[in-house]
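In the working numbering, the protein residues as written are 5 to 710.
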């Protein structure tokens, strides 16, 4: 390898004004230098400076000019020491520190989280709201911010928490609704993956995100919206006063190996190519399968091909899954062969454990995924394999394709990410993001959205909605609903349908009070009544879903294997269990909450307090803190052991999650492991990870007070 010639080529590209290609060629050179075990020369450091990748410089072998830049671009990001930002990170941070509201499009490898952390560390805002697309990403963000800022800020990820003097809120848009009534002012609203506010990218969840953007944007001094691969931002009322920055600045190089022409439509050939890739390439691999069917197909292929790995941690994980879930489950059989599954349906703690094992040197080697891997977590790998060009039934577009392959490589880990394309990718295209006011919110937002921005059709729909709601509930109730953020659902048609049914058929809702009772056999009629308000929302036949909810009512009293045995009588398996439990805690709980609100405004002579039932359902019939601990990475079966040991009472309804976390911090890991006698080795591994996520920097909780 002639380093000087490569440097000469990079310099020529810079002289010609081709910064992007120069940066790519330099990154490839750095990979070769690292592979060869060579030191960076002053010339290499100079070129790193020229392309703006300042963190990659080696000060010890740099000229004074480069060392000066390396120090000048350092910023406090809340870590133990300041870190050096690259040129475009610094540009973005300076814009935010000057008070600007920014919508930015930047590649996955850009390092956008460093900018958030630097802003918080430098500006010390009192209230920060960060909206993320998934609960998994909320926990990942919480872990990072807890370690850096937990000593000074209350990091809030769950509902109904008391505020401190300084707070950082991190949650998905649906969960943010509960804090709209509480907060009067925030310093900055941060929206990660803000492209999901467009129905073109997320039809189901965009209304809730638009709702949160409108409500929080109104009380925010500043806004910072982040997304990848957006070419242009169309004119809209949501970002009208924001500056749009398109920063095509990558910190890793993606090497694409297109194999779809060789494969054609031959599925057997595709399987052979996949195995060849896995056998001949070092490093971890993300396999994008696109659909649940394809996940099963790839899982079976790898299960039939590979032998169990000689890795103690994976054997412990397999035994743990067999005991606590199902010995015949495909994931139980896969993990010992170094393969995990990420599909957006599993228990949150299970997904977290797999990502943790994927990042362990001697953990999982591959993860097979749907699109959940690109929206649910910030993980990356040396190799990304596009097994399928589908996302569900539809073909992926260029935007999604770039998001998937953007998971290849990682700054300071892999200069080059290898992308293997096994099915034809979409044609490259520019992506314009258009944000429109969704019809689902018509009539519910009030003055938060400029009246001049509604279409003529929307004005008519608002008038129709308000006329019918006024006739059903009276003008006082309509005004109450508009002024107070009381509804969980972001769908005015559903709200209207609930009001209409309760007003016209009040006697049919008498069974609501039965949901507060422990006897689930009395729930049939009212559960059918509820789910029929949202046809097609439950992913299963009504009868089976009602049966599932009644079985789930024993979630704390029975183990998952015991529940699965009962569910088998309904012809429901473990994948159904995950999916339907999620539907229950999110969709059914939100629906019941809105029915509760509307019922008590209409039937004021005979109100019903459904708060206990709503709490039980929203927490999957687990004690609330047990359910919330799963978001922190502690599975319910470990919580059951901790509760039985008597060291902490997890069934105390008066205890909130933040007080409980402080209790765990005071106990310390060592004492907890000693006090809970029946924890196995993998339980201990999980609890180590949990304690790592509740620690502050420079803090060791493994030996807290005894």
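All C-beta atoms, glycine included, are put in the ideal place defined by N, C-alpha and C.
Open item on the list: Between which two residues does the beta strand (DSSP E) holding residue 344 run?
Closed with: Residue 344 sits at position 340 when you count from the first residue of the chain shown. DSSP places residue 344 in the uninterrupted beta strand (DSSP E) bounded by 343-346.
- [ ] Check the DSSP bridge columns for residue 259 and list the partner residues they point to.
- [x] On the chain shown, position 255 is the one that residue 259 refers to. The partner list for residue 259 (beta bridge, DSSP) reads 422.
Open item on the list: Only counting the same chain, and skipping five residues up and downstream in sequence, which positions put a Cβ closer than 6 Å to that of residue 433?
Closed with: The residue given as residue 433 occupies position 429 in the chain shown. Spatial neighbours of residue 433 in its own chain (CB-CB distance under 6 Å, excluding positions within 5 residues in sequence) are listed in chain order as 402.
- [ ] Take residue 487 as the anchor and find which of 459, 521, 448, 500 has the nearest alpha-carbon.
- [x] Position 483 of the chain shown, counting from 1, holds the residue named residue 487. When each option's Cα is compared against that of residue 487, the closest is 448.
Open item on the list: Output needed for residue 597: all residues of its chain with C-beta closer than 6 Å, excluding positions within five of it in sequence on either side, in chain order.
Closed with: Looking up residue 597 in the chain shown gives position 593. Excluding positions up to five away in sequence, the list reads 492, 618.
Task: Bridge partner(s) assigned by DSSP for residue 211 - done: If you number the chain shown from 1, residue 211 lands on position 207. The partner list for residue 211 (beta bridge, DSSP) is empty, contrary to what the question assumes.
- [ ] Please determine, among 348, 360, 700, the residue with the shortest C-alpha to C-alpha distance to residue 670.
- [x] Translated into positions along the chain shown, residue 670 becomes position 666. Residue 700 is the option with its Cα nearest to residue 670.
- [ ] State the Cα-Cα distance for the pair residue 143 and residue 9, rounded to the nearest angstrom.
- [x] By one-based count along the chain shown, residue 143 stands at place 139. By one-based count along the chain shown, residue 9 stands at place 5. About 46 Å.
- [ ] Measure from the alpha carbon of residue 181 to the alpha carbon of each residue in 212, 536, 275, 461, then state which is nearest.
- [x] Here residue 181 is taken as the residue at index 177 of the chain shown, counted from 1. Out of 212, 536, 275, 461, 212 has the C-alpha closest to the C-alpha of residue 181.
Open item on the list: Let me check understanding here. Comparing Cα to Cα, which of 250, 628, 158 lies closest to residue 615?
Closed with: The residue you call residue 615 lines up with position 611 of the chain shown. Per the Cα distances, 628.
- [ ] Return the first residue and the last residue of the alpha helix (DSSP H) that residue 581 is part of.
- [x] To locate residue 581, count along the chain shown from 1; it is residue 577. Segment 578-587, the alpha helix (DSSP H) holding residue 581.
Open item on the list: In this structure, how does DSSP classify residue 607 when only helix, strand and coil are distinguished?
Closed with: Mapped onto the chain shown, residue 607 falls at position 603. In the structure shown, residue 607 adopts coil according to DSSP, grouped into three states.
Task: Distance between beta carbons of residue 387 and residue 422, contact taken as under 8 Å - done: For the purposes of this step, residue 422 is taken as residue 418 along the chain shown, with counting starting at 1. For the purposes of this step, residue 387 is taken as residue 383 along the chain shown, with counting starting at 1. The C-beta distance from residue 422 to residue 387 rounds to 5 Å, short enough to fall under 8 Å.
Open item on the list: Give me, in chain order, the residues of the same chain whose beta-carbon lies closer than 7 Å to that of residue 634; leave out the 5 immediate sequence neighbours on both sides.
Closed with: Here residue 634 is taken as the residue at index 630 of the chain shown, counted from 1. When the five nearest sequence neighbours on each side are left out, the beta carbons in the same chain lying within less than 7 Å of the beta carbon of residue 634 are those of 351, 352, 353, 640, in order along the chain.
Open item on the list: In whole angstroms, give me the CA-to-CA distance for residue 338 and residue 107.
Closed with: As a position in the chain shown, residue 338 is number 334, starting the count at 1. As a position in the chain shown, residue 107 is number 103, starting the count at 1. Taking the Cα positions, residue 338 is about 41 Å away from residue 107.
TODO: Answer with buried or exposed for residue 464, where buried requires no fewer than 16 other C-beta atoms within 10 angstroms of its C-beta.
DONE: Looking up residue 464 in the chain shown gives position 460. With fewer than 16 other beta carbons inside 10 angstroms of its own, residue 464 counts as exposed.
TODO: State the Cα-Cα distance for the pair residue 324 and residue 178, rounded to the nearest angstrom.
DONE: Taking the chain shown and counting its residues from 1, one reaches residue 324 at position 320. Taking the chain shown and counting its residues from 1, one reaches residue 178 at position 174. Take the alpha-carbon of residue 324 and the one of residue 178: they are about 32 Å apart.
Task: Separation of residue 51 from residue 19, as counted between CA atoms - done: As a first step, residue 19 is located in the chain shown; it is residue number 15 there, counting from the start. As a first step, residue 51 is located in the chain shown; it is residue number 47 there, counting from the start. Roughly 12 Å between the two C-alpha positions.
Task: Cβ-based burial, residue 228 [other Cβ within 10 Å; buried from 16] - done: Mapped onto the chain shown, residue 228 falls at position 224. Buried, by the Cβ-count rule.
TODO: Would you kindly work out how many angstroms separate the C-alpha atoms of residue 24 and residue 253, rounded to a whole number?
DONE: Residue numbering aside, residue 24 sits at position 20 when the chain shown is read from its first letter. Residue numbering aside, residue 253 sits at position 249 when the chain shown is read from its first letter. Distance between the alpha carbons of residue 24 and residue 253: 7 Å.
Open item on the list: Distance check for residue 264 and residue 355, CA to CA, integer angstroms please.
Closed with: Locating residue 355 in the chain shown gives position 351, counting from the first residue. Locating residue 264 in the chain shown gives position 260, counting from the first residue. If I take the Cα positions, the gap works out to 30 Å.
TODO: Spatial neighbours of residue 234 within its chain, please: CB distance less than 6 Å, with the 5 preceding and 5 following residues excluded, ordered by chain position.
DONE: In the chain shown, counting from the first residue as 1, residue 234 sits at position 230. 109, 435, 437.
TODO: Please report how far the alpha carbon of residue 507 lies from the alpha carbon of residue 494, in whole angstroms.
DONE: Counting from one through the chain shown, the residue named residue 507 turns up at place 503. Counting from one through the chain shown, the residue named residue 494 turns up at place 490. In a straight line, the C-alpha of residue 507 is about 21 Å away from that of residue 494.
Open item on the list: Using CA atoms only, rank isn't needed, just tell me which of 606, 517, 195, 655 is closest to residue 474.
Closed with: Residue 474 sits at position 470 when you count from the first residue of the chain shown. Relative to residue 474, the option among 606, 517, 195, 655 whose CA is nearest is 606.
Task: Identity of the residues DSSP links to residue 236 by a beta bridge - done: Within the chain shown, residue 236 is the residue found at index 232, counting from 1. 436.
Task: Beta-carbon spacing of residue 519, residue 551 below 7 Å - done: Here the question's residue 519 lines up with position 515 in the chain shown. Here the question's residue 551 lines up with position 547 in the chain shown. For residue 519 and residue 551, no; Cβs fall outside 7 Å.
Task: Boundaries of the alpha helix (DSSP H) in which residue 97 is found, first to last residue - done: Reading the chain shown from its first residue, position 93 is the one you call residue 97. Membership of residue 97 in the alpha helix (DSSP H) is indicated by the continuous run 91-101.
TODO: Below 8 Å on the Cβ atoms is my guess for residue 226 versus residue 410; work out the distance and round it to an integer in Å.
DONE: Locating residue 226 in the chain shown gives position 222, where the first residue counts as 1. Locating residue 410 in the chain shown gives position 406, where the first residue counts as 1. Taking C-beta atoms under 8 Å as the contact rule, residue 226 and residue 410 fail to qualify, at a distance of about 27 Å.
- [ ] Report yes or no: do the stretch 265-272 and the stretch 280-293 share at least 3 C-beta pairs separated by less than 8 Å?
- [x] Put simply, the stretch 265-272 does not touch the stretch 280-293. Fewer than three CB pairs are less than 8 Å apart.
Open item on the list: Residues in the same chain with beta-carbon distance under 8 Å from residue 548, minus the five sequence neighbours each way, listed in chain order, please.
Closed with: Translated into positions along the chain shown, residue 548 becomes position 544. The answer, listed in chain order, is 574, 575, 576.
Task: Own chain partners of residue 682 with C-beta closer than 7 Å, once the 5 adjacent residues on each side are dropped - done: For this step, residue 682 is matched to residue 678 along the chain shown. Around residue 682: 645.
Task: Residues sharing a beta bridge with residue 654, DSSP - done: Sequence index remark: in the chain shown, residue 654 carries index 650 (1-based). Residue pairing from DSSP leaves residue 654 without any beta-bridge partner.
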